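Student: A single structure is presented below for examination.
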Amino acid sequence: MAVMKNYRKRCLYAYVLVISLFIGLATLADRTVTALAETIPVYRSNTIVIDPGHGGEDGGASSCTGVLESKINLDISLRLQNLLHFLGYETKMIRQTDTSVYTQGNTIAEKKISDLKERVRMVNETANALLVSIHQNQFSEGKYRGAQVFYAATKGSNALAAQLQEQLIQYLNPGSRRTSKPAEGIYLMKHIHCTGVLVECGFLSNPEEEALLRTPEYQKQICCVLAATLASYLENENPEAHGEASLSGSLG
Numbered sequence: 038m039a040v041m042k043n044y045r046k047r048c049l050y051a052y053v054l055v056i057s058l059f060i061g062l063a064t065l066a067d068r069t070v071t072a073l074a075e076t077i078p079v080y081r082s083n084t085i086v087i088d089p090g091h092g093g094e095d096g097g098a099s100s101c102t103g104v105l106e107s108k109i110n111l112d113i114s115l116r117l118q119n120l121l122h123f124l125g126y127e128t129k130m131i132r133q134t135d136t137s138v139y140t141q142g143n144t145i146a147e148k149k150i151s152d153l154k155e156r157v158r159m160v161n162e163t164a165n166a167l168l169v170s171i172h173q174n175q176f177s178e179g180k181y182r183g184a185q186v187f188y189a190a191t192k193g194s195n196a197l198a199a200q201l202q203e204q205l206i207q208y209l210n211p212g213s214r215r216t217s218k219p220a221e222g223i224y225l226m227k228h229i230h231c232t233g234v235l236v237e238c239g240f241l242s243n244p245e246e247e248a249l250l251r252t253p254e255y256q257k258q259i260c261c262v263l264a265a266t267l268a269s270y271l272e273n274e275n276p277e278a279h280g281e282a283s284l285s286g287s288l289g
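Just so we're aligned, residue 38 is where the sequence shown starts under our numbering, counting upward by one.
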């Protein structure tokens, strides 16, 4: 067990280093990231589905400065997509603009129900999917802060959430006592068939954390932790299908 834990840590540190180097290249355009990924013939067996929570008519929570949760969710999700492409992963975005994904309904309530069902459909129709749903937290008191990860009841979800929570605390929220928790009562997480986690990246009701969550720099730090941990988790789960030989060969 100790050997495996040390192996996971080494993998994670390596991914953090690689992604940190990527983050430093701030002038790279999206197409450049894709081009770099295409030059590395690494086979990845999983498709990471990224779900920017809310969108369109459903803005989600409103921050203490009036910024909608849906916007921050989308900003972080698009950055995460770029980093995962950089690591050679296939991704599927539930939405890439400020829109809802409902297909029917006349009232707001009906559209929200349709939106949730459509998100479930998009996840479950994806082969070898792993879901990461991006959200922001809010509370009536402004003192609370820190990221928290919730997990589906599906295989692997608990373990992935625990790893994500540990790394978010280590790199972004030192001293936090938050633990990963089951995603009880969350429709999307209840109905998916694959490994899935929901990440509340921080509290929009905390002035200091809300200010950070609006900045590209902090969003990149969040995505660095998420992408590195996801890659480390998947490599540990599917080492034979993770393309280590192809990667080392292409860099040699």
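Even for Gly, the Cβ is constructed at its ideal location relative to N, Cα and C.
Note that the structure is a prediction, hence the values are computed from the model and not measured.
1. Taking only the alpha-carbon atoms, compute the straight-line gap between L225 and V86 and give it to the nearest angstrom.
2. What does a CB cutoff of less than 8 Å around E127 pick up in its chain, not counting 5 residues either side in sequence?
3. Is it a yes or a no for the segment 249-256 touching the segment 119-139, going by three-plus beta-carbon pairs under 8 Å?
4. Answer yes if the segment 88-95 comes into contact with the segment 158-171, meaning at least three C-beta pairs across the two stretches below 8 Å, and no otherwise.
5. Does DSSP put I171 in a helix, in a strand, or in coil?
6. Just curious, the beta strand (DSSP E) that I113 is in, first and last residue?
7. What residue range does the beta strand (DSSP E) around K129 cover?
8. When the Cβ atoms of the segment 178-197 are set against those of the segment 212-221, are three or more pairs found closer than 8 Å?
9. So what does DSSP say about Y181, is it helix, strand or coil?
10. Please classify K218: does DSSP put it in a helix, a strand, or coil?
11. Pull up the CB-CB distance for I229 and V157, whole angstroms please, since I reckon it's below 8 Å.
12. So, at 6 Å on beta carbons, what are the nonlocal neighbours of D152 in its own chain, with the 5 sequence-adjacent residues on each side left out?
13. Going by other Cβ atoms of all chains shown within 10 Å of its Cβ, with 16 needed for buried, is Q200 buried or exposed?
14. If I'm right that V234 touches F187 with Cβ under 8 Å, what's the distance once you round it to whole angstroms?
Tutor: On the basis of the data shown:
1. Taking the first residue of the sequence shown as position 1, residue 225 is located at position 188. Taking the first residue of the sequence shown as position 1, residue 86 is located at position 49. Their Cα atoms are separated by approximately 13 Å.
2. The residue labelled residue 127 in the question sits at position 90 within the sequence shown. Sequence-distant Cβ neighbours of E127 in its own chain, meaning closer than 8 Å and more than five residues away, are R81, N83, T84 and I85.
3. no
4. yes
5. Start at 1 with the first residue of the sequence shown, and residue 171 comes out as number 134. In the structure shown, I171 sits in a strand (DSSP, three-state: E or B).
6. Position 76 of the sequence shown, counted from the first residue, corresponds to residue 113. No beta strand (DSSP E) contains I113, which is instead part of the alpha helix (DSSP H) from E106 to F123.
7. To locate residue 129, count along the sequence shown from 1; it is residue 92. That run of the beta strand (DSSP E) goes E127 to M130.
8. yes
9. Start at 1 with the first residue of the sequence shown, and residue 181 comes out as number 144. Note: Y181 maps to coil in three-state DSSP.
10. As a first step, residue 218 is located in the sequence shown; it is residue number 181 there, counting from the start. In this structure, K218 counts as strand in the three-state DSSP scheme.
11. As a working note, residue 229 is residue 192 in the sequence shown. As a working note, residue 157 is residue 120 in the sequence shown. Yes, they are in contact, since the Cβ atoms of I229 and V157 sit about 6 Å apart, within 8 Å.
12. Here residue 152 refers to the residue found at position 115 of the sequence shown. Excluding sequence neighbours, D152 sits near S137, V138 and Y139.
13. Numbered from its first residue, the sequence shown carries residue 200 at position 163. Q200 is buried by the Cβ-count criterion.
14. Residue 234 sits at position 197 when you count from the first residue of the sequence shown. Residue 187 sits at position 150 when you count from the first residue of the sequence shown. That pair is a contact at about 7 Å.
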